[in-house]
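What follows is one structure encoded as structure tokens, with my remarks underneath.
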Amino acid sequence: MNLNFTYVKDRLPATAGVATRLAKGTTGRYLAGIWEDCLIADLCWSILENGERPEELKVIPSWSWGSVSGGLVTLWCQSDLDNVNMKPVATVLEISCEPDPPSFLGHLERAILAIESRIATVTMSSVDMKGRRVRELQFKNAKLYGELGGSWTFHPDVQNWGMDDLGLEVVVVEMMRETVDEKAKSATFLVLQADQDLFRRIGLLRAQVRRRRGVPDETTTFLDHFAMEAVIATVSIC
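Numbering (this note's numbering), first residue to last: 495 to 732.
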């Protein structure tokens, strides 16, 4: 979805008509553009290009697509829609949201999600590789590069986030996992950054075990390192 508005704050209200119609077939709340009934999957949206978080959108929670301007793609706009092997692996423990009436507009006065899942803390930076900036993830014992078609790809909510900085600590939270023959084939992660006692979303990370031709082989993939270092924990996202 790539909608251009004179005022970016109109993105959520613009979906109000659709939300009103869909509400007849749902039992959950409409929270900042995301349905409570399928919260885990719907949180896995990403920005295609030109993502920004302008001042007028800062009142919208970072976990909502309404908090970012730019072209939008959701997990279910992709082939995962028909993939029976792709399942949610995170659990919503608490939804501390107070809708700002009328609720179908998606506006919230308070908006914190408590999610339990496997998480890992890593360091994200950027390095120069053959004249171009490439994202780098630092696990405890390994560095992985994500812009060469390898085992992971990071989709920042804000374009060029972290490309000029070194050593930004982030938390990756596993949300969805594709399992084939009891082995993880791919997974989708929220990428968060600490904000006092809470976390804010900064992007989406997708990882897979398959490798592409011509891409340097990683002895151990992102999913392998994540499995070794991840712990079960709860994060509160605002």
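Here a beta-carbon is modelled for each residue, glycine too, at the ideal position from N, C-alpha and C.
From the options, residue whose alpha carbon lies closest to that of residue i
i    : options                : result
C732 : T714, V703, L607, P582 : L607
L537 : V685, F720, A721       : V685
S556 : W539, V578, L638       : W539
I554 : I589, E543, G522, A605 : A605
M670 : S620, H719, L692, V586 : V586
E668 : F720, C591, E543, R694 : F720
L525 : E549, E550, K552, S558 : S558
N635 : R523, D718, E549       : D718
M530 : E588, R694, V621, L551 : The residue you asked about is not Met; residue 530 is Glu in the sequence shown. The candidate whose alpha carbon is nearest that of E530 is E588.
Alpha-carbon to alpha-carbon, residue j and residue i
i    : j    : result
M623 : T615 : 24 Å
K581 : I534 : 10 Å
R627 : N654 : 10 Å
K679 : Q690 : 34 Å
I696 : E676 : 30 Å
V652 : C532 : 25 Å
V729 : F683 : 13 Å
M722 : F633 : 10 Å
G656 : P650 : 9 Å
Y639 : W646 : 8 Å
A681 : S619 : 21 Å
T617 : L692 : 18 Å
K552 : E592 : 17 Å
E550 : V583 : 33 Å
E621 : K637 : Per the sequence shown, the amino acid found at residue 621 is Val instead of Glu. Using only the alpha carbons, I get a separation of about 11 Å.
L548 : G625 : The question names Leu, but residue 548 in the sequence shown is Pro. Straight-line Cα distance between these residues: approximately 30 Å.
S611 : D658 : 30 Å
Environment of residue i [buried if 16+ CB atoms lie within 10 Å]
i    : result
I541 : buried
T713 : exposed
G661 : exposed
R629 : buried
L631 : buried
S590 : exposed
G522 : exposed
G527 : buried
M644 : Reading off the sequence, residue 644 comes out as Gly, not Met. G644 comes out buried.
Beta-carbon proximity check, residue i vs residue j, cutoff 8 Å
i    : j    : result
E546 : S561 : no
F716 : A701 : yes
Q737 : V666 : Since the first and last residues shown for the chain are 495 and 732, residue 737 lies out of range.
F648 : L699 : yes
A724 : I609 : no
V703 : N579 : no
N577 : E672 : yes
Neighbour flag for residue i against chain E, beta carbons, 8 Å
i    : result
A688 : Chain labels in this structure do not include chain E; a single protein chain is all it has.
Requested in this report: Can you check the segment 579 to 639 for any alpha helix (DSSP H) of at least 4 residues that lies completely inside it and give the ranges in chain order?
Outcome: Taken in chain order, no unbroken stretch of alpha helix (DSSP H) lies wholly in the segment 579 to 639 with a span of 4 residues or more.
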